[in-house]
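Asker: Start counting the sequence shown at 18; every next residue gets the next number (our numbering). After the structure tokens below, expect a handful of questions from me.
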Amino acid sequence: MGKFIIISACALAFAAASFAAGGKTMWTFDKDRVGTVPPGFARAAGGWRVATDPTAPSQPNVLAQRAKNTDRTLNLIQVAGTTYRNLDLSVKIRVIEGKSWQGGGLAWRGVDAGDYYAVLVNPLDNSIRLYKVANSWPTELVTAELRQVGGWHTLRVVMTEDRVECYYDGRKYLDRRDSTYGKAGTIGLWTRGDAETYFDDLTVQAR
18 MGKFIIISAC
28 ALAFAAASFA
38 AGGKTMWTFD
48 KDRVGTVPPG
58 FARAAGGWRV
68 ATDPTAPSQP
78 NVLAQRAKNT
88 DRTLNLIQVA
98 GTTYRNLDLS
108 VKIRVIEGKS
118 WQGGGLAWRG
128 VDAGDYYAVL
138 VNPLDNSIRL
148 YKVANSWPTE
158 LVTAELRQVG
168 GWHTLRVVMT
178 EDRVECYYDG
188 RKYLDRRDST
198 YGKAGTIGLW
208 TRGDAETYFD
218 DLTVQAR
């Protein structure tokens, strides 16, 4: 996969992205400088930095969220300039620690840093939850029980029109319709509160 060449300010969002076959865009973070926010990513809250991890699915780097914030804080980072409506979005995720919250997830159809759809996996209560976030406050749409173990796992969302399907390690756990956010918007990653989490191989494809 080749490195994408920035040809305009609008292309900043893809500065750290590699392109795969079939129109997929992937961010591996492997060429980004450790200790920095990846080029083209906009941090809304949290301690987001590129870090090394010898267990990373793609070596050597990951995107890490290591801030320990309050329960009300949504640690969000968005890929600036991305505009996806119907999409297939996935990321590899590894839980590090957290007392009140653990895990993390994906965000999409972002209007801004306070309004978007989001899915979260949380090993503390063995759940996967779909939210609509408005004014930086999440409202749960649907939840399912999800037994989790350590190591890396794949979280995936497919949204077509108003239908959202959420998968974990290839198995579908959530299927819900919602029309709150109907327009194309940004994609991103998030954790909540004190959840410290590693992410790798963020991948998106328009549908």
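Yeah, the Cβ is synthetic: ideal placement off N, Cα and C, and Gly gets one too.
Please report the Cβ distance between residue 86 and residue 121, rounded to the nearest whole angstrom; I am assuming they are in contact, meaning their Cβ atoms lie under 8 Å.
Answerer: About 13 Å separates the beta carbons of residue 86 and residue 121, which is beyond the 8 Å limit, so they are not a contact pair.
Asker: When burial is assigned at 16 or more other CB atoms within 10 Å of the CB, is residue 145 buried or exposed?
Answerer: It is buried - the Cβ of residue 145 has at least 16 other Cβ atoms within 10 Å.
Asker: CB residue 118 to CB residue 209, shorter than 8 Å?
Answerer: yes
Asker: Given 8 Å as the limit, is there contact between the region 143 to 163 and the region 189 to 201, that is, 3 or more CB pairs closer than that?
Answerer: yes
Asker: How would you write the range of the beta strand (DSSP E) that residue 193 sits in, first residue to last?
Answerer: 188 to 194
Asker: Find the nearest neighbour of residue 99 within the set 126, 109, 92, judged by alpha-carbon distance.
Answerer: For the set 126, 109, 92, the Cα lying nearest the Cα of residue 99 is the one of 126.
Asker: Which whole-angstrom value is the C-beta distance of residue 148 and residue 221, which I expect to be below 8 Å?
Answerer: Residue 148 to residue 221, Cβ: 19 Å. No contact.
Asker: Consult DSSP for residue 121 and reduce its assignment to one of helix, strand or coil.
Answerer: Strand.
Asker: Taking the alpha-carbon positions, what's the residue 211 to residue 84 distance?
Answerer: 6 Å
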